[in-house]
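Written below as C-alpha cells is the structure these notes are about.
In UniProt numbering, the protein residues as written are 1 to 322.
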C-alpha cells in the first residue's frame with residue numbers, strides 16, 4: 001500500500017511539473033483565469049487517475065491476500081489431518097512395540113531356561129561317557145554356551161535401546177578394575193587412571209567384551225594391556241593383546257553385525273555392541289595393531305570417551321594389575 005501511494009505521488013509530481021513547463025512554454029500569454037481552470041482540470045484528472053490506480057492496486061492486494069488466506073487454511077487443515085494420522089500411527093506403533101517386547105521377553109526367558117537345562121545335562125554327560133562320545137558332548141556344550149553368550153549380548157543391546165539417554169560421570173578406573181577381576185586366570189596389565197567419563201552402568205560391557213574377545217582369540221596365555229590417556233577433553237582407552245592380529249582389510253568390517261571374520265564375539269554381535277555403546281557415550285572406536293604396521297604381533301582396540309570434570313579432592317591411583 002505504501003509503495004503504491006509512493007508511486008502515485010511521484011508520477012503526479014512529475015506530470016504536474018511537465019504540465020506547468022508545457023503551459024509556460026507553449027502558452028506564455030495565458031490569462032490567470034485560464035491558468036486556474038486548466039490547473040484545476042488537470043489536477044482533477046490526475047486525482048481521479050491516481051484514485052483508480054490505487055483502487056486497482058488495493059483490489060489486487062486484497063485478492064492476493066484472500067487467496068493466501070484460503071491456501072493457509074487449506075494447508076492448516078491438511079496439516080491437522082496429517083498430524084492426526086501420525087498420532088494414530090504412533091499409537092499403533094507403540095502398541096505393536098509393547099506386544100513384540102512381550103513376545104520377545106517370553107521367548108528370551110524360555111530359551112534361556114532351556115539352554116541352562118541343556119548345559120546342565122551336557123555337563124553330566126561329559127562325566128558319564130568316554131571316547132568319541134565325550135568329544136561330541138563337549139562340542140555340544142560349547143555350542144550351547146555360545147548360544148547363551150549370543151542371547152546375553154542381544155539382551156544387552158535391548159537394554160541399551162530401552163534405557164534413557166541420560167549419562168553421568170563414571171569412575172573409569174573402577175569399571176576397568178571390576179572387569180579385570182572377572183578374568184583371574186588372565187595376565188592383564190593396567191596402570192590405573194584418575195579419569196572420569198560420561199557413561200552409564202553399561203560401560204562395563206565394553207571392557208567385558210573387549211577383554212573376552214582377547215581371551216577367546218588369544219588363548220589362556222594371551223597378554224592384555226589396558227591403557228588410559230587424556231587428550232583434548234577426551235579419554236583415549238586402548239585394550240591391547242598379544243593374540244592374533246586383525247588384517248587391515250578387516251579392521252572396519254569387524255564391527256558390523258554378524259560379520260564372519262577371524263575375530264569377533266557372539267558371531268559379530270559383541271564388537272557391534274561395543275561400538276554402539278561407545279557411540280552412545282559420544283566417543284568413537286577403531287581396530288588397530290598392537291605394534292604399528294605389524295598385525296601379526298597382536299591387536300589393539302582403541303576408543304575415546306568424553307571426560308567429566310573431576311570432583312573436588314579426587315586423586316588418581318597408579319597401581320599395576322596382573
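Just so you know, even glycine gets a beta-carbon here, dropped at the ideal spot from N, CA and C.
Values in this document were obtained by computation on a predicted structure and should not be read as measured data.
Query: Beta-carbon spacing of residue 138, residue 126 below 9 Å; Result: yes
Query: Segments of 4+ residues assigned as alpha helix (DSSP H) that fall wholly inside the UniProt domain "Histidine kinase" (203 to 309); Result: 203 to 218 and 269 to 280
Query: Under 9 Å between C-beta atoms of residue 218 and residue 192; Result: no
Query: CA nearest to the CA of residue 291, picked from 238, 285, 256 and 306; Result: 238
Query: Distance between residue 56 and residue 44 (C-alpha atoms, nearest Å); Result: 18 Å
Query: Range covered by the alpha helix (DSSP H) that runs through residue 129; Result: Residue 129 -> no alpha helix (DSSP H), and no H or E assigned at all.
Query: Own chain residues within Cβ distance below 8 Å of residue 220, not counting five before or after; Result: 185 and 186
Query: Of the residues 304, 289 and 303, the one placed nearest residue 297, counting alpha carbons only; Result: 289
Query: Residue 79, buried or exposed, once every other Cβ within 10 Å from all chains shown has been counted against 16; Result: exposed
Query: C-alpha gap between residue 174 and residue 204, whole angstroms; Result: 10 Å
Query: Length of the line joining the Cα atoms of residue 305 and residue 70; Result: 54 Å
Query: Beta bridge counterpart(s) of residue 171 as assigned by DSSP; Result: 196
Query: Own chain, CB closer than 7 Å to residue 215, minus 5 neighbours either side, in chain order; Result: 183, 186 and 222
Query: Proximity of residue 170 and residue 74 at Cβ, strictly below 9 Å; Result: no
Query: Chain D contact for residue 184 (CB, 9 Å cutoff); Result: Going by chain labels, chain D is absent from the structure shown, which holds only one protein chain.
Query: Residue 261 versus residue 87 - alpha carbon distance; Result: Residue confidence for residue 261 is low, a pLDDT of 48 falling below 50, so the modelled location carries little weight; the figure read from the coordinates is stated next. Approximately 43 Å between the Cα atoms of the pair.
Query: Residue of 189, 196 and 95 minimising C-alpha distance to residue 324; Result: Beyond the ends of the chain as shown, which are 1 and 322, falls residue 324; an answer cannot be given.
Query: Residue closest to residue 226, alpha-carbon to alpha-carbon, out of 232, 208 and 233; Result: 208
Query: Residue 272 versus 282, 256 and 278, residue with shortest Cα-Cα distance; Result: 256
Query: Own chain residues within Cβ distance below 7 Å of residue 167, not counting five before or after; Result: 198, 199, 200 and 281
Query: Neighbourhood of residue 116 by C-beta, 8 Å cutoff - its chain only, sequence neighbours within 5 removed; Result: 148
Query: For residue 241, the nearest candidate out of 194, 112 and 287 (CA to CA); Result: 287
Query: Bridge-paired residues (DSSP) for residue 187; Result: 223
Query: For residue 228 and residue 277, believed in contact at Cβ under 8 Å, the rounded distance; Result: With a Cβ gap of about 17 Å, residue 277 and residue 228 do not count as contacting.
Query: Cβ-based neighbour list, residue 108, same chain, cut-off 7 Å, excluding 5 preceding and 5 following; Result: 151 and 155
Query: Outcome for residue 275 when other beta-carbon atoms lying within 10 angstroms are tallied against a minimum of 16; Result: buried
Query: DSSP state of residue 182 mapped onto helix, strand, coil; Result: coil
Query: Coarse secondary structure for residue 135, derived from DSSP in three states; Result: helix
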